[in-house]
Amino acid sequence: MSTALRVLPSELLYTLAALAVVLVVSFVFGFTNVFGALSAAVSIAISLVVLWLFWRLVTATERIARATESLADDSLAGHED
1 MSTALRVLPS
11 ELLYTLAALA
21 VVLVVSFVFG
31 FTNVFGALSA
41 AVSIAISLVV
51 LWLFWRLVTA
61 TERIARATES
71 LADDSLAGHE
81 D
């Protein structure tokens, strides 16, 4: 099974959980009228963008760590006698 297929369910679960938390917090603060609904929609949109940016940061950091580890392994393999 590919890595993408193994990771997808947990990513989806975390995204849905984060969205549920944002919705619950929005309704707790009383975003029930039209202006409040618009505020909640903007708040949710901003939260989703921030979560997406954070996810991009995490995946980029993982890629950098893998590349660094690969380079270190390659350099060690070249010095073995």
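Counting along the sequence shown from 1, when you hit position 11 you're at 11 in full-length UniProt numbering, and nothing is skipped either side.
A virtual CB, placed ideally from N, CA and C, is assigned to each residue, including glycine.
In this text the structure is predicted, and so the values were computed from the model without any measurement.
The C-alpha of Ser43 is placed about 42 Å away from the C-alpha of Leu71. Contact check for Leu51 against Ala18 passes: the beta carbons are separated by less than 8 Å. Distance from the CA atom of Ala60 to the CA atom of Thr15, rounded to whole angstroms, is 18 Å. Taking a C-beta distance under 8 Å as the contact criterion, Val22 and Ser39 do not qualify as a contact pair. Spanning the alpha carbons of Leu12 and Trp55 requires a straight line of approximately 12 Å.
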